[in-house]
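Encoded as structure tokens, the structure appears first; notes follow it.
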């Protein structure tokens with residue numbers, strides 16, 4: 001089939017060939033985007049509508065339909081396959097059928113081809129939630145429908161990057177539109193930031209991570225394109241529960257910039273915000289390349305771990321390891337052989353060899369060693385990727401955004417795929433202290449806090465940022481947990497409940513879930529002030545549900561009583577006759593019997609009926625006195641019996657209220673115990689994570705000390721003993737005192753919210769014992 005401008009035509013020679021074939025045919029049609037490794041007519045058509053017709057014809061003519069794409073099957077790849085959504089407008093099963101939606105296309109299944117999706121240059125592991133899967137399972141998982149709320153609330157829908165931190169006239173500011181995008185992402189984020197000298201091709205790598213050729217501006221001149229920090233949030237290709245946040249930074253060392261301090265702040269922000277930090281440079285890792293990375297030596301002056309800590313040297317920055325990102329050095333246009341002393345080495349070994357300290361004590365050597373020491377000290381997990389030149393064609397390099405992959409050097413394609421695969425499979429989610437996971441909305445808070453600190457002339461401090469984050473997140477966690485309680489109570493309760501105990505049982509279950517929601521989304525709740533606030537909020541909501549329950553019960557009981565006593569009340573005058581009192585009592589007992597037969601009257605059943613009896617007391621007395629069939633003695637006995645029954649019913653009502661009061665106190669006691677239990681579990685987990693962080697720092701210190709000793713730097717190795725001993729002491733102290741520290745926190749919390757209630761419970765129990 002050939003095409004002219006916006007027109008399709010049939011090649012008659014091809015038809016003649018088909019005419020000669022009398023056998024049944026197996027027709028395989030292959031379709032895909034431009035430059036995905038197949039010959040595809042759609043590449044050359046001028047009208048996009050022709051793409052749709054070519055796609056539709058391929059479907060109609062084939063028995064096996066092959067769709068070809070690159071890299072992975074993700075949200076973006078499915079968007080490119082939008083042609084399939086147009087088939088109902090382009091194909092009809094019956095001549096009388098009008099094009100329509102899915103319902104009208106049901107018969108397509110009877111003549112549509114089998115479907116095969118081929119994925120070229122696939123570099124991911126076929127794994128899902130840690131388990132190996134087949135290629136078919138990979139496709140079916142990609143085709144699972146996404147709930148609308150999940151798309152709206154957790155998954156980013158960014159078609160292009162947006163500036164996150166603007167750098168205008170050497171002043172940093174946060175773009176609120178970017179923060180709004182982050183605020184909508186409730187998933188944990190994997191944050192990859194790339195930093196490097198200007199005009200070194202950083203943006204190209206980030207576009208590849210986004211699955212695009214275009215996106216972050218590449219530029220083709222000597223001017224730096226990216227200013228400030230740009231952000232692109234995309235669905236994570238291998239983990240649907242995470243979001244991939246790509247941060248592209250302006251080029252360092254741009255001659256057009258006035259204040260080099262700006263470069264240092266951009267570098268520091270990229271370190272603070274990312275979970276994987278990519279440093280991009282050209283040609284080789286040598287003395288000059290390490291000198292260009294002098295920004296890493298300034299981090300101790302630009303970042304603090306604790307608010308009480310004063311900026312200092314490397315010793316004061318030991319805790320950086322607990323929250324600094326993984327480090328990747330990418331080397332572009334690499335032309336050397338990966339060999340050392342005649343032996344082949346890996347890219348990682350090449351990096352580690354470049355970071356070895358130079359022997360000597362003169363100032364020049366010490367200055368050369370400082371960036372090496374900082375990288376080794378701050379970034380325990382390091383990796384290196386080298387890249388050949390993408391192409392030797394200068395014209396292609398200048399328009400690399402529009403160049404197809406197969407026009408680039410095969411080795412470069414292979415190296416790029418390896419880098420992309422590593423990020424997708426190995427890049428960790430962003431965390432702060434004690435393993436606290438950073439979501440999109442939390443990342444937005446961190447960005448704002450750090451930039452505000454820089455603009456105020458202060459040094460960004462992790463502890464201060466986490467405290468700010470905790471205030472916001474804990475407030476949100478309280479509201480989220482309280483909303484969960486309300487929603488669950490509303491769903492589970494059927495008002496009126498038969499008993500108060502029924503309501504309290506649901507309350508206990510819903511409160512337990514709400515506390516768990518709070519624990520999941522809160523952290524650093526100093527003195528448990530937010531947990532206490534949640535308790536108060538739930539208690540208020542419980543009171544509202546109890547009030548609604550009472551109102552529903554009261555209304556229902558009144559309606560039932562009115563229904564049962566309507567005829568009785570309308571004919572009350574008929575009882576004022578001889579023998580009328582007996583008839584009155586028989587009718588009232590019938591009403592009472594019918595009333596108590598009605599199910600699920602609720603907590604107000606006795607009180608409503610008691611009020612009814614009280615309203616009848618005067619009427620009964622009048623009927624009794626007017627009944628001439630009774631003697632004075634019989635009237636006296638009847639009156640005494642009525643008073644006795646009224647007193648007994650009052651006692652029953654009182655006992656019910658006392659029982660309900662006891663149930664309330666016991667429910668409150670269970671509530672406090674549940675709070676304490678979940679608090680203890682969370683504190684234990686946080687303590688274990690803290691010890692784990694300290695042990696990680698100790699392990700890193702011991703590794704560094706051993707490496708220095710092996711490299712012949714005994715004095716530097718011995719200088720680390722003090723810090724190593726301090727860490728060991730801290731770990732031993734935390735392990736030894738963990739129990740008592742946790743007990744004190746629990747006791748403090750119990751004293752504040754539980755003790756008064758527990759005392760009240762005991763007091764109520766003593767009062768109730770009087771009535772037993």
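Residue numbers (this note's numbering): 1 to 772. Just so it is clear, CB atoms sit at the ideal spot from N, CA and C, and this is done for glycine as well.
In the three-state scheme derived from DSSP, where H, G and I count as helix and E and B as strand, residue 665 is classed as helix. The residue from 281, 556, 465, 470 with its alpha-carbon nearest to that of residue 205 is 281. Look at the beta carbons and you see the segment 444-455 touching the segment 172-183: at least three pairs across the two are nearer than 8 Å. Shown here for residue 177: same chain residues with a beta carbon closer than 7 Å to its own, the five before and five after excluded, namely 162 in chain order. When the five nearest sequence neighbours on each side are left out, the beta carbons in the same chain lying within less than 7 Å of the beta carbon of residue 579 are those of 627, 629, in order along the chain. Taking a cut-off of 8 Å for Cβ pairs, the segment 64-84 and the segment 367-386 do not touch, as fewer than three such pairs fall below it.
Taking a 10 Å sphere around the C-beta of residue 131, we find fewer than 16 other C-beta atoms and assign the residue as exposed. Collapsing the DSSP output to three states places residue 528 in a helix. Counting along the chain, no beta strand (DSSP E) covers residue 364; the unbroken alpha helix (DSSP H) around it starts and ends at 363-378. Counting only runs of at least 3 residues, the segment 690-716 fully encloses no beta strand (DSSP E) element at all.
Between the segment 528-535 and the segment 675-692, the count of C-beta pairs closer than 8 Å reaches three or more; the two stretches touch. Counting only the Cα atoms, residue 362 lies some 26 Å from residue 302. When the alpha-carbon of residue 266 is set against those of 240, 285, 293, the nearest one is in 293.
Under the 10 Å beta carbon count, residue 729 is surrounded by fewer than 16 other beta carbons and is classified as exposed. Between the alpha carbons of residue 663 and residue 690 lies a gap of roughly 40 Å. The beta-carbon separation of residue 447 and residue 271, rounded to 13 Å, does not stay under the 8 Å limit for a contact. Using a 10 angstroms sphere on the CB of residue 336, the tally of other CB atoms stays under 16, which defines it as exposed.
Per the Cβ contact rule, the segment 692-707 is not in contact with the segment 570-588 (fewer than 3 Cβ pairs under 8 Å). Here residue 512 has 674 as same chain residues with Cβ atoms under 6 Å from its own Cβ, once five neighbours each way along the sequence are excluded. Leaving aside the five residues that flank residue 135 on each side, the residues in its chain whose CB is nearer than 8 Å to its CB run, in chain order, 126. A contact is defined here as three or more CB-CB pairs under 8 Å, and the segment 534-547 fails this definition with respect to the segment 565-576. For residue 713, the CB contacts under 7 Å within the same chain, skipping 5 residues up- and downstream, are 357 in chain order. As the crow flies, the alpha-carbon of residue 27 is around 28 Å from that of residue 74. Taking a contact as a CB-CB distance under 8 Å, the pair residue 564 and residue 594 counts as one, their CB atoms being some 5 Å apart. The beta carbon of residue 484 is closer than 7 Å to those of 513, 514, 517 in its chain, skipping five residues each way along the sequence.
About 16 Å separates the CB atoms of residue 274 and residue 210; that is not less than 8 Å, and the two are not in contact. In the three-state scheme derived from DSSP, where H, G and I count as helix and E and B as strand, residue 231 is classed as strand.
Note that the segment 428-437 does not touch the segment 405-416; fewer than 3 beta-carbon pairs, one per stretch, sit closer than 8 Å. With a 10 Å radius around the Cβ and a threshold of 16 neighbouring Cβ atoms, residue 470 comes out buried. Non-local beta-carbon contacts of residue 552 in its own chain, meaning distances under 7 Å to residues more than five positions away in sequence, involve 495, 496, 602 in chain order.
When rounded, the separation of the alpha-carbon atoms in residue 687 and residue 264 is 34 Å.
In the three-state scheme derived from DSSP, where H, G and I count as helix and E and B as strand, residue 545 is classed as helix. Nearest C-alpha to residue 187 among 735, 600, 436, 709: 436.
As a beta-bridge residue in DSSP terms, residue 329 pairs with 279, 384. Secondary structure of residue 748 (DSSP, three-state): helix.
Taking C-alpha positions only, residue 240 is separated from residue 78 by approximately 15 Å.
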